[in-house]
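Inspection log for the structure reproduced underneath, given as structure tokens.
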Amino acid sequence: MSSSVSQSQSSVEWDQNLPISMELVLTVSDPEIIAELYTRNEGRDRDEYALAALRLGVLALRQARGQLDANILKREGEQLLTTVKSALIEHQSQIQQHVSGTLSEYFNPKDGRFTERVDRLLKKDGELETLLGRTLTGDQSDLQRVLTSLVGTDSPLFRLLSPEESNGLLSALREAVNQELLQQRQRVLDEFSLDNKTGAMSRLVSELTDSNGRLRDDMQEKIDLVVKEFSLDEENSALSRLVRQVEQAQKIISSEFSLDNDSSALSRMKAQVESTNSAISKHLTLDDETSALSTLRKQLMEILKDSDDRHRVFQEEVKIALEKMQARKAESARSTQHGVDFESQLFELIQEESNRSGDIATQVGATNGVLNRKVGDIVVEVGCDHVAEGAKVVIEAKEHSSYNIKKALDELDEAIKNRESQCGIFVFSKRTAPQGLEPLSRHGRSLIAVWDSENRESDLFVRLGLSVAKALCTRQARERNQIDIDFSMLDRALEEICKQVDQIDSVNTLATTIRNNGEKIVKQVQKSKESLLAQVEILQTTLQDLRQKLESESG
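First residue of the sequence shown? That's 1321 in the working numbering, and the numbers climb one at a time after it.
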């Protein structure tokens, strides 16, 4: 077939060096191309069709190599987008109007066609149910017959997809894929064959050969430059300059660290060290009385002597004071005035506690009571803020070894009557208390406490005794006013206080006998104190509730 290829209307810029047209004489041997060309009339029709096919093939190959004209694509794409946008906007407007009217006509919930139609379709025995039953149900349904004719064993589709049919789809697909794979394999082999000078492998080998030659030349030049820089034969080379700088630095360092040169750094350092050593030796010697060490020694000796004198004087003063104190204690123990001192010290403690709680403490040991006797040393009158306002607690203080528990209770009972009190506390001195007596115990309305005037820790027993006595006064006030109040909590608090008092006494014994168990003792004391504080809090809360009930009852 003979044809002439002329310049076509294209957006590709024409190269002036190319000819206007090109004469081609082609011999076509591909069966598919021959079959397609054979459908055209021989002559101009067939030539134009072949030229068009050739152009499409060239454009397809160019597209495969990424050489399509970007400007044409951009311009055509923009024009296409503009046209599509205008058409879409116009179509959108028409669709909106049409859809709005149609939706109103069909989907109006009152009289819309859709509502009526859906009702007819979905109601019992409606059209949809009847149609579905006729179409989908049973072996003789329309769906069953259609599916059997379309995908049954005797259907054309089944025969077409059967791998046993020679003219089936799978056989045709297998043959087409095999042919295409063979063609692709041949093309790949051609590209990687060195016999094909235009193949990719041949071009790659050629380019690598050229690049390798240029690289070898450049590498040789670089190596020559590097060798030149590291050569000592060249005065301006980097290695020569480095050697000169190292030699110069070595000379400077040798000069600075030489003792033969008086101006060197090592010589100056040696002179400074010798001068400093001489000055230190001069000031740190005891042979020279003007040295700093000698002066420091004199000052320390004077300070030690003065401290020793003051310490000796202090020891003498302490010794004299201790002798006087022991003498006063011995005299007080021998005289009757010792009991009076014990009573006065106890009154100071009780007065301090009463002032803190709003009560009134009075020392009445020198005055007669209602029984015309002086039994009862201290009277505490409960303050106005308490439920048991006006109640009295009598306290008898004794530091005499002739008293036992029974005698103390008898005298305390007489003191309660003599001072017109509701309850009382008998306070033993720690020195004269009976053996095995608990620090705080209760016998009805009478309390017995053990107090050491020289140990402030035992003040807690007296304070607890006052709190328990006030609680007993509160109970008696309740009995007088006949108010139905549950005092079980008070009883439990009093029992807990007595238990904790015993615990504290045992802890105190441990503290005086076993000094090494200090940490354990401190923890136990702290725990007991916390428990006591909790019980006192319970007492205060209960007493507060009781006072409110009494006030409401009296009101």
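The beta carbon of each residue, even a glycine, is placed where N, CA and C say it ideally should be.
The structure presented is a predicted model; accordingly, all values stated were derived computationally and were not measured.
For F1634, the number of other beta carbons within 10 angstroms of its own is below 16, and it is reported as exposed.
For the pair F1781 and A1769, the CB atoms are nearer than the 7 Å cut-off. Pairing G1397 with D1367, the inter-Cα distance amounts to about 31 Å. Under the three-pair Cβ rule at 8 Å, the stretch 1681-1692 does not count as touching the stretch 1620-1634.
Classified as buried, E1716 has 16 or more neighbouring CB atoms from the shown chains inside 10 Å of its CB.
Within the model, the alpha-carbon separation for T1403 versus H1411 is close to 12 Å.
At a cut-off of 3 residues, the continuous stretches assigned as beta strand (DSSP E) that sit fully inside the stretch 1758-1808 are 1760-1763 and 1766-1771. The Cβ-Cβ distance between A1735 and V1695 falls below 7 Å. In the structure shown, the three-state DSSP call for F1748 is strand. Boundaries of the beta strand (DSSP E) around L1344: S1341 to V1345. When the Cα atoms are used, V1438 and L1467 turn out to be separated by approximately 28 Å.
Shown here for N1775: same chain residues with a beta carbon closer than 8 Å to its own, the five before and five after excluded, namely K1750 in chain order. Our two residues, L1579 and A1569, have alpha carbons roughly 18 Å apart in a direct line. Annotation for S1560: L1552 and E1554 place their beta carbon closer than 7 Å to its own, counting only its chain and skipping 5 residues before and after. Of the residues I1353, S1349, A1496 and L1371, the one whose Cα lies closest to the Cα of S1341 is L1371.
Contact check for L1666 against V1788 fails: the beta carbons are separated by 7 Å or more. Within a 10 Å sphere around the beta-carbon of V1713 sit 16 or more other beta-carbons, which makes this residue buried. The residue among S1773, N1361 and V1707 with its C-alpha nearest the C-alpha of T1752 is S1773. N1738 sits buried, since 16 or more C-beta atoms from the chains shown fall within 10 Å of its C-beta. In the structure shown, the three-state DSSP call for A1686 is coil.
Within the model, the alpha-carbon separation for G1744 versus Q1844 is close to 30 Å. Rounded to whole angstroms, E1352 and R1433 show a C-alpha spacing of 57 Å.
DSSP places E1734 in the helix class (H, G or I) of the three-state scheme.
Residue pairing for E1716: DSSP places it in a beta bridge opposite F1746.
I1698 is a Cβ neighbour of I1670, given a cutoff of 7 Å. Residues of the same chain with a CB within less than 8 Å of the CB of N1724, apart from the 5 flanking positions on each side, are P1754 in chain order. Around the Cβ of P1759, a 10 Å sphere holds 16 or more other Cβ atoms; the residue is buried.
If you look at V1700, you'll find it in the beta strand (DSSP E) that goes I1698 to E1701. Counting along the chain, Q1570 sits inside the alpha helix (DSSP H) bounded by residues A1558 to E1576.
By DSSP's assignment, A1681 forms a beta bridge with V1700. Contact check for E1594 and A1585: beta-carbon distance about 15 Å, past the 8 Å limit, so the pair fails to qualify. With 16 or more neighbouring CB atoms inside 10 Å of its own CB, R1798 falls in the buried class.
Remark: C-beta atoms of R1440 and G1446 approach each other more closely than 7 Å.
Non-local beta-carbon contacts of R1360 in its own chain, meaning distances under 7 Å to residues more than five positions away in sequence, involve R1366 and Y1369 in chain order.
Cβ contact annotation for S1587 (same chain, cutoff 8 Å, sequence separation greater than five): S1578, L1579 and N1581, in chain order.
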